[in-house]
Amino acid sequence: MIGGRRFPVRTAGLVVAAAATGLLLASGVVPLPCPFRLATGLDCPFCGGSRMLGALLTGDLPAALGFNAVALLLVLPVVCAVLVAMARYERGRARGWWPAGRSGRVLGFALLAAVVAWGVVRNLPFGPFPALRA
113 MIGGRRFPVR TAGLVVAAAA TGLLLASGVV PLPCPFRLAT GLDCPFCGGS RMLGALLTGD
173 LPAALGFNAV ALLLVLPVVC AVLVAMARYE RGRARGWWPA GRSGRVLGFA LLAAVVAWGV
233 VRNLPFGPFP ALRA
């Protein structure tokens, strides 16, 4: 307990592990090729994510957007919001770490649909779409 309140140990551990993994991938120390790309030759929705993190770490926002705009503008904020909600839940200040009921299901399916649509759109071989590849 810190100041009479429970410290969110699990959430803090998850944040530390995610940050360490992100730093390793973004720095290029641990090169991890995308298995989907190796198998199909296509970009998955998260291809370019480690280069995006690397660009963010150096403060290059335009490059980060170029590597994977959806991961930067949609996935990263959702992950941050979920981590904050997990910490609140762990401290007893929230009922859960994801919205309950229909709103939670709708949000989950909307996020899944956006990620799948991004994966399809960035692999279209015509128009401006090839520029979206990682």
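Letter by letter, the sequence shown follows residues 113 to 246 of my numbering. C-beta atoms are modelled at their ideal positions from N, C-alpha and C, and glycine is treated no differently.
Whether residue i touches residue j by CB criterion (8 Å)
i            : j            : result
cysteine 156 : glycine 231  : yes
leucine 137  : leucine 165  : yes
valine 190   : leucine 223  : yes
glycine 204  : arginine 118 : yes
Alpha-carbon to alpha-carbon, residue j and residue i
i                 : j             : result
phenylalanine 158 : leucine 244   : 12 Å
methionine 113    : proline 120   : With a pLDDT of only 49 at methionine 113, under 50, the local geometry of the prediction cannot be trusted, and no value is derived from it.
alanine 132       : valine 218    : 31 Å
leucine 177       : threonine 170 : 13 Å
methionine 198    : alanine 167   : 27 Å
proline 242       : alanine 212   : 38 Å
Expected contact under 8 Å - CB spacing of residue i and residue j to nearest Å
i             : j              : result
valine 182    : valine 228     : Contact flag wrong, Cβ pair sits at about 11 Å.
glutamate 202 : arginine 149   : So it is not a contact: roughly 36 Å between Cβ atoms.
arginine 200  : alanine 206    : 4 Å
leucine 195   : valine 127     : 6 Å
valine 216    : tryptophan 210 : According to the sequence as given, residue 216 is glycine; it is not valine. So it is a contact: roughly 5 Å between Cβ atoms.
Minimum C-alpha distance to residue i - residue among the options
i            : options                        : result
cysteine 146 : Ser139, Gly160, Ala138, Leu136 : Gly160
glycine 140  : Ala151, Arg163, Ala130, Gly125 : Arg163
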